[in-house]
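> Residue 68 is where the sequence shown starts when you use our numbering, and the numbers rise one by one after that. For glycine and all other residues, C-beta sits at the position ideal for the given N, C-alpha and C. It should be emphasised that the depicted structure is a prediction, and the values quoted were computed from it without experimental measurement. This is the structure I have questions about; it appears just below.
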Amino acid sequence: MKNIRNFSIIAHIDHGKSTLADRMIQYCKLVSDREFKDQLLDSMDIERERGITIKSQTICLPYKAKDGQTYSLNLVDTPGHVDFSYEVSRALSSCEGALLLIDAAQGVEAQTLANLYLAMENDLEIIPVINKIDLPSAEPEKIALQIEEDLGLDASLVQFCSAKLGTGIPQLFETIVQHLPPPKGNAEAPLQALIFDANYDSFRGTLISVRIINGKVKQGDVIRFMSNGREYKVDEVGIFRLHKEPQKQLSAGQVGYILAGIKTVQDTRPGDTITLRDAPAASPLPGFKEVQQVVFSSLYPISTDDYEDLAAALEKLKLNDAALTFEKDSSVALGFGFRCGFLGLLHLEVIQERLEREFDISLILTVPSVQYIFHLADGTVKHVDNPAHFPNPAHIVKIEEPFIKATILMPEKYMGVVMTLCIERRGENTSFHYPTPGRIELQCELPLAEVIYDFYDRLKSVTQGYGSFDYEMLDYRKSDLVKLDILVNGEYVDALSQLVHRDNARARGLHACEMLKEEIPRQMFKIAIQAAIGGTIIARTTISPLRKDVTAKCYGGDISRKRKLLEKQKAGKKRMKTVGNVDIPQTAFLAVLKSEQK
68 MKNIRNFSII AHIDHGKSTL ADRMIQYCKL VSDREFKDQL LDSMDIERER
118 GITIKSQTIC LPYKAKDGQT YSLNLVDTPG HVDFSYEVSR ALSSCEGALL
168 LIDAAQGVEA QTLANLYLAM ENDLEIIPVI NKIDLPSAEP EKIALQIEED
218 LGLDASLVQF CSAKLGTGIP QLFETIVQHL PPPKGNAEAP LQALIFDANY
268 DSFRGTLISV RIINGKVKQG DVIRFMSNGR EYKVDEVGIF RLHKEPQKQL
318 SAGQVGYILA GIKTVQDTRP GDTITLRDAP AASPLPGFKE VQQVVFSSLY
368 PISTDDYEDL AAALEKLKLN DAALTFEKDS SVALGFGFRC GFLGLLHLEV
418 IQERLEREFD ISLILTVPSV QYIFHLADGT VKHVDNPAHF PNPAHIVKIE
468 EPFIKATILM PEKYMGVVMT LCIERRGENT SFHYPTPGRI ELQCELPLAE
518 VIYDFYDRLK SVTQGYGSFD YEMLDYRKSD LVKLDILVNG EYVDALSQLV
568 HRDNARARGL HACEMLKEEI PRQMFKIAIQ AAIGGTIIAR TTISPLRKDV
618 TAKCYGGDIS RKRKLLEKQK AGKKRMKTVG NVDIPQTAFL AVLKSEQK
């Protein structure tokens, strides 16, 4: 065990985690130059295209140190985006140390701090690494000072490297071996293995990623999940290299995988403890926090025939994504679908893209919303995340909505525009301080509903990409909410209903009407698009009708003949409008979600 090191790479988005992991894999000669490709550990196409990591990935690196000993280094590559902090917390609990990666040009950002606190909560040994020292704008010495002052980490431990060029990688390996503690644990004690991830393999069932804390597990053992008592016989155990490498057994301190013919991933809850049926452990390992969904949206298949396929696809995605929740839902306009809970907007986009790509299902999404608490006159308390379940306004005593504490780091010159943005979004209790000269950390309490809409995009644009944002849930506070309905041709479209603050209702209604006007194709009759609160219309636009040229066959002659034809057309249009049905294209539903300010 003394030659094992379990560590993770944590950082803000785009600070170079996956590139550093690539260099480390190359340095250990696990992959030949011919087979090498960027983002080796990112297996999904969507991860490669967006240049982000979504799933935690593990790899075991063999390293021969200067003292002549061979070490087994288990690297867990984690996502950097705020939506996937749950994945990060699971991965960190299986490690003893972490490399905190910081960009030599950008410095410490909001997510750097959030991940550092996560690592400290798990009592990890932290090695600060300054990456991208090859950039022309890099200021490694200044950033090293920032690390000592802002983060309180030992500056003598700071490693300088360029993951792109491979500079400083050998020294980094030596520092990992010297400074990170080996895992603790007793190989002779009853088995306690922590599940930190699970992937579904359609041929072999669920592949569980585990960190063995105590004991041993080998092929043929019967394992038991401590949260639900399910038992399975182990088919194979092994470690992660670039491909799965079967081993005779896994023992305390190791990170590896277990295959046991598990049909569903619901049994393998991340954070659960695995033990042996015949020699069970006395108690499970201290568990994780339950993952909390903050954004809710309904997914509907465009073709109703795809409903069964969508149900099967969501089940399969749930196998790989413990944070996704869904339940059946139905809409008058869109038929049957599912109400899904997500960790954030990026999580929602990723799920939508995976459903469309991997399962070839075309989807319509409803406006994302958060969960509100309604206190009704009869004393009941109702949790509502779907505008369709909005209670009768006459019965509502008070409404509470979730608030978050947002931390925004940015250069000093953007202070004014960011303050304006926060005030527009109903921000309160704003405070700020200067961590380093020229940079401001602004803390603000905001309603979550204002953040999920397009806050992050707006922040990036007003700060020209230099602002970074992180948030944590605070509490529920009293709010004045209304249900905004959209009517097309006098009919309610329930999929476009939103819960909004009364002050923003008109602006949001006008925006929705304008967007729909652009997307809905013109008909032979006039179409009214209206936004309403209850029975009160607060915004309206009209799509003017197409006009068929009925007078085309008239060459010259008396005007009364043309007028007669036009009057006839007018009467026909009137009749058509009474039976006229408007088809709303899928793009219209998506357009309503788009930002108001381009």
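Our contact map puts phenylalanine 227 next to glycine 235 with C-beta atoms below 8 angstroms; I'd like the distance itself, whole angstroms only.
So it is a contact: roughly 5 angstroms between Cβ atoms.
> How many Å lie between glutamate 255 and isoleucine 280 at the Cα?
So the alpha carbons of these two residues sit roughly 11 angstroms apart.
> Could you name the residues of the same chain whose beta carbon sits closer than 7 angstroms to that of isoleucine 463, not counting the 5 residues immediately before and after it, in chain order?
Excluding residues within five positions, the ones whose Cβ falls inside 7 angstroms are Phe441 and Leu443.
> May I ask you to verify whether the segment 594 to 609 touches the segment 543 to 553, counting CB pairs closer than 8 angstroms and requiring at least 3?
Cβ pair count under 8 angstroms is three or more, so yes.
> Applying the criterion that 16 or more other CB atoms from any shown protein chain within 10 Å of the CB defines a buried residue, is valine 448 buried or exposed?
Result: exposed.
> Out of Ile77, Gln173, Pro353 and Phe409, which one is the CA nearest neighbour of glutamate 192?
The shortest Cα separation from glutamate 192 among Ile77, Gln173, Pro353 and Phe409 belongs to Ile77.
> Give me, in chain order, the residues of the same chain whose beta-carbon lies closer than 8 angstroms to that of glutamine 314; leave out the 5 immediate sequence neighbours on both sides.
Correct list, in chain order: Val304, Gly305, Ile306 and Gly323.
> Going by the beta-carbon positions, is the gap between valine 437 and proline 469 smaller than 8 angstroms?
In contact: valine 437 and proline 469 (Cβ atoms closer than 8 angstroms).
> Since I believe threonine 433 is in contact with serine 365 (beta carbons under 8 angstroms), could you give me their beta-carbon distance rounded to a whole number of angstroms?
So it is a contact: roughly 4 angstroms between Cβ atoms.
> Considering only residues of the same chain and omitting the five flanking positions on each side of glutamine 664, which have a CB-CB separation below 6 angstroms?
The pLDDT assigned to glutamine 664 is 44, lower than 50, so where the model puts this residue is not dependable; a value taken from the coordinates is nonetheless given after this. Cβ neighbours of glutamine 664 beyond the five flanking positions: none.
> Starting from the N-terminal side, write out each stretch of the alpha helix (DSSP H) that is 4 residues or longer and does not extend beyond the segment 403 to 467.
Qualifying alpha helix (DSSP H) stretches, in chain order: 412 to 425.
> Excluding sequence positions up to five away, which residues of its chain have a Cβ less than 6 angstroms from the Cβ of glutamate 479?
The residues are Gly505 and Ile507.
> When you compare only the Cα positions, how much space is there between alanine 379 and leucine 401?
Each residue's alpha carbon lies about 19 angstroms from the other.
> Could you name each continuous beta strand (DSSP E) segment of 3 residues or more that falls completely within the segment 215 to 293, going from the start of the chain to the end?
The segment 215 to 293 contains these whole beta strand (DSSP E) runs: 259 to 268, 272 to 281, 283 to 285 and 289 to 292.
> Quick check on DSSP: helix, strand or coil for leucine 317?
Looking at leucine 317 - three-state DSSP - the assignment turns out to be strand.
> Glutamate 241 and leucine 476 - do their beta-carbons sit closer together than 8 angstroms?
Cβ atoms of leucine 476 and glutamate 241: not closer than 8 angstroms.
> Looking at C-alpha atoms only, which residue of Tyr267, Ser318 and Pro257 is the closest neighbour of arginine 291?
Measuring from the Cα of arginine 291, the nearest candidate turns out to be Pro257.
> Name the DSSP beta bridge partners of asparagine 556, please?
Asparagine 556 is not bridged to any residue.
> Taking the alpha carbon of leucine 352 as the point to measure from, which residue in Ser294, Glu312 and Ala327 has its own alpha carbon closest?
Measuring from the Cα of leucine 352, the nearest candidate turns out to be Ser294.
> Have a look at methionine 482 and tyrosine 367 and give me their C-alpha separation to the nearest angstrom.
Computed Cα separation, rounded: 41 angstroms.
> Assuming lysine 385 and leucine 391 form a contact by the criterion Cβ under 8 angstroms, report the distance between their Cβ atoms to the nearest whole angstrom.
About 5 angstroms; that satisfies the 8 angstroms criterion.
> Ignoring anything shorter than 3 residues, give me the beta strand (DSSP E) runs that lie fully in the segment 177 to 205, in order along the chain.
Correct list: 192 to 198.
> Distance, Cα to Cα, arginine 90 vs alanine 205?
Rounded to whole angstroms, arginine 90 to alanine 205 spans 20 angstroms at the Cα level.
> Helix, strand or coil: how does DSSP classify proline 351 here?
Residue state, collapsed to three classes: coil.
> Span of the beta strand (DSSP E) holding tyrosine 367?
362 to 368 is the extent of the beta strand (DSSP E) around tyrosine 367.
> Less than 8 angstroms separating the beta-carbons of serine 350 and arginine 278?
Result no, Cβ atoms of serine 350 and arginine 278 do not sit closer than 8 angstroms.
> Report the rounded CA-to-CA distance for tyrosine 622 versus glutamine 636, giving the unit in angstroms.
Whole-angstrom Cα-Cα distance: 18 angstroms.
> Starting from the C-beta of proline 697, find all residues in its chain whose C-beta is less than 8 angstroms away, skip the five residues before and the five after it, and write them out in chain order.
Residue 697 is absent from the model: the chain starts at 68 and stops at 665.
> Going by DSSP, what residues sit across from glycine 174 in a beta bridge?
In the DSSP output, where bridge partners are listed per residue, glycine 174 has Asp170.
> Across which residues does DSSP place arginine 544 in a beta bridge pair?
Answer is Glu468, bridged to arginine 544.
> Closest by CA to serine 229, which one among Lys283, Tyr130, Leu239 and Leu261?
Per the Cα distances, Leu239.
> Could you tell me which residues DSSP puts in a beta bridge with histidine 82?
Histidine 82 is not bridged to any residue.
> Please give the ranges of any alpha helix (DSSP H) in the segment 560 to 607, keeping only runs that are unbroken, at least 4 residues long and fully inside the region.
The segment 560 to 607 contains these whole alpha helix (DSSP H) runs: 572 to 586.
> Taking the alpha carbon of alanine 186 as the point to measure from, which residue in Pro195, Ala165 and Gly576 has its own alpha carbon closest?
Nearest option by C-alpha distance: Ala165.
> What residue does the alpha helix (DSSP H) around proline 652 start on, and which one ends it?
No alpha helix (DSSP H) holds proline 652; DSSP gives it neither H nor E.
> First and last residue of the beta strand (DSSP E) that includes lysine 395?
Residues 392 to 398.
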